[in-house]
Structure formats: structure tokens, C-alpha cells
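Following: one structure in C-alpha cells, then a few remarks.
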Amino acid sequence: MAKQTIVVFGATGKQGGSVVKTILADPKTAAKYHVKAVTRDTTKEAAQKLKELGAEVVSADLNAPETIAPVLKGAYGVFAVTNFLEKMDAAPEITQGKAVADAAKAEGVQHLVWSSLLNVTKLTNGKLTNVHHFDSKATVEEYIRELGIPATFFLAGYFMSNLPGMAISEQTGWTLNLPTTKDAPIPLFDAEDDTGKFVKGIFENRDKLLGQRVLGATAYYTPTRIVEELKEVYPKTSASAAYNQLPGDVYKGILGSFGLPESFQQEMLENHQLFDVAGYFGGEKLDASHAIVDEPLTTWKEYIGKSPVFTAVAN
């Protein structure tokens, strides 16, 4: 029986790369699916490593819509993700996402998995209107639904990689600094290792998940728990660690010191305020999403146990 082709955009990034690797690492799905990994530069090292794993590496550019349809010809499924940080602008992201949707519709793709997020402006009834990288992905999700493409929507949680070396660092005595309350529910997610676990489950459970959202996170962690578990894993290094709730202006000032524009400072502030205002996933539980995953999800303790930021100074 011929393999079904799954096209993965952003294949050399955290989410796309995880999808390629997870599908090919599982003997069952590796035997069932032919993975076509899409990247702009097929010669770079990350692309070549995917080829070594068994993926067909092909070139396409989401900024050039005419390159999208050719890589979708004959595809059964598609995983598509866009990168807001590339231009820090919602408009290009929406254009890219709609281009993938249009091509998927035209080529008769049977299962599009779109890396989406909730519309924060609507979710918060206009209290938070500047979380553009959420709203942009939600706009594309609405477009996909309008087109009637058979699709499932994967919503990635708060990346664990956002914390080591940034919100938590040696310079601050390993204190966690965020502009949110100590009890805010943060859906932590190891995008690099766990995106593929969820997306593999989505493709394997197509019929019951069409039109549904799958929430990508290991669990809801509070800032207090994040610090407590850090101290458990690194009791000496993090002995004096604590949680420090930053005032909004202070948080923005820190981002500004790294040269980030004021618009993005406000966006990230509101992104963190979302935890308390309405919940990152609008208060939804994770149980149903976990039910489709057949591999263990990465815990915060496991993540920091292997993080170079912490292991380099562990004692």
C-alpha cells in the first residue's frame, strides 16, 4: 500500500521539525506516511539532517505563494505554521496562512493541520487588543473554516524555551521575572520535542478531530510551581530563587533594553496578562488533547534537567 504524503511547512523550525522527527521516529507512522519537509533553503544543515532521517526535503517560500501549490500536489495531509517574529507583523502571517489554505483547497488536501491560536481581542472582550501573533493565526483559522477545508487546529502552549536564560537567568539569581501573578495558569510546552507528539496524534485521529482544536501543553504551571520545581532540580544553584512579579512598565523597559520596539513590548506584556485576564486557552482543560497522545509529554523538571542554561552551572 502506497504511503500517504504529509507536507510539513517550517520543517527546520521548532514546531515543524518536531512533526517531521516524531512521525519518522515512530515505526508505525513512518511506515504509513511519506514526509515532505518544506524549507526555503534545502542545503542548510538542519534540512540535511531531516533528509538523513528519511524525509523528502523540498523548497518553498510562504512569502512566494506560487511556490506552495507544487509541493502540495498529491498530498494527503499538511502541517502549516508561520513565524510572526520573522517580520513582527500580523499582515504577512495572515497572507501566508491564507496562501497555504488556498493551495490546500485547490489541491484537495484531506487533512490540514493549522498551527493556530485564540483571538485574544475577542476572548477578552477588547481588554487586550495588541496580542497580534495570536489574533493573526486565529484569523487564518476562521478563513480555513470558511473555505470548508477538512482541518484540525493545533494550538501551541507557552514555550518552555521562553524561560531559561531569559525570564530566568544567572544574572538575576535564577529568580523568575514575569508581568503576571504568582498563581497565573501557564500552559507550559516543549515545542521542540512535543509538537510532533500532538500532531502525530491529530493525523492518526483525523475523523474525530476534524474542525476541533487540540491544545499543546504538558500542564498548567503557576510561576510559583515553576520556581519550586527549579529549586528541586537544582537545589544549590537555585537556593535563593523566587518569583518576582514585574510591573508592566518595568517589563517593557527590559524588552526595550534589548532593542525591541515599543509595539512588541506592549504585545508581549498583554500576552502575559492574558493568563490572568482570560486564560491562555480560555480556561479549557487539557485532558481531551492529552488523550490523543501516545508518548510521554515533557515535564518542566525534565526540560530544565537537560537545559544547557542550567546544566552549565549546576552544582
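Residue 1 is where the sequence shown starts when you use my numbering, and the numbers rise one by one after that. For every residue, glycine included, the Cβ atom is placed at its ideal position computed from N, Cα and C.
What does the alpha-carbon distance come out to for the pair residue i and residue j?
| i | j | result |
| --- | --- | --- |
| P150 | G108 | 9 Å |
| H290 | E228 | 24 Å |
| E262 | A90 | 16 Å |
| A191 | A217 | 9 Å |
| S115 | T29 | 20 Å |
| T129 | V8 | 31 Å |
| L117 | G13 | 18 Å |
| V38 | N205 | 23 Å |
| G283 | M1 | 43 Å |
| Y303 | F310 | 10 Å |
| G253 | Y158 | 22 Å |
| A75 | F281 | 30 Å |
| K231 | G165 | 16 Å |
| K32 | V140 | 29 Å |
| G305 | G196 | 21 Å |
| Y143 | F154 | 15 Å |
| D41 | D61 | 9 Å |
| Y234 | L297 | 21 Å |
| D194 | Y221 | 17 Å |
Who are residue i's beta bridge partners in DSSP?
| i | result |
| --- | --- |
| L155 | S116 and L215 |
| G77 | I6 and H111 |
| T181 | Its beta-bridge partners do not exist; DSSP assigns none. |
| H34 | T5 |
| S59 | T39 |
| Y220 | P187 |
Can you tell me which of the three DSSP states residue i falls into?
| i | result |
| --- | --- |
| N125 | coil |
| L176 | strand |
| V140 | helix |
| N244 | strand |
| F310 | helix |
| T237 | coil |
| Y280 | coil |
| F22 | The residue asked about is misnamed: residue 22 is Thr in this sequence, not Phe. Correct three-state label for T22: helix. |
| P261 | coil |
| P164 | strand |
| A11 | coil |
| Q82 | For clarity, residue 82 is Thr in the given sequence; the question names Gln instead. Reduced to three states, the DSSP call for T82 is coil. |
Just confirm the distance between the C-beta atoms of residue i and residue j, as a whole number of angstroms; I'd bet it's less than 8 Å.
| i | j | result |
| --- | --- | --- |
| T152 | V214 | 6 Å |
| A156 | F189 | 6 Å |
| T124 | K182 | Not a contact, Cβ separation roughly 21 Å. |
| V113 | V131 | In fact, because the Cβ distance is near 22 Å, the residues do not count as touching under 8 Å. |
| L53 | A11 | The pair is not a contact, with the Cβ atoms about 11 Å apart (cut-off 8 Å). |
| L24 | A47 | Not quite, the Cβ-Cβ distance comes to about 14 Å (not below 8 Å), so this is no contact. |
| F79 | G16 | 7 Å |
Ordered along the chain, which non-local residues of its own chain (more than five positions away) have a Cβ less than 6 Å from that of residue i?
| i | result |
| --- | --- |
| S240 | G173 |
| A103 | I68, A69 and L72 |
Among residues of its own chain, excluding the 5 on either side of residue i, which ones have a beta-carbon nearer than 8 Å to its beta-carbon?
| i | result |
| --- | --- |
| V20 | V8, A11, V35, A37, L50, L53, A55 and G196 |
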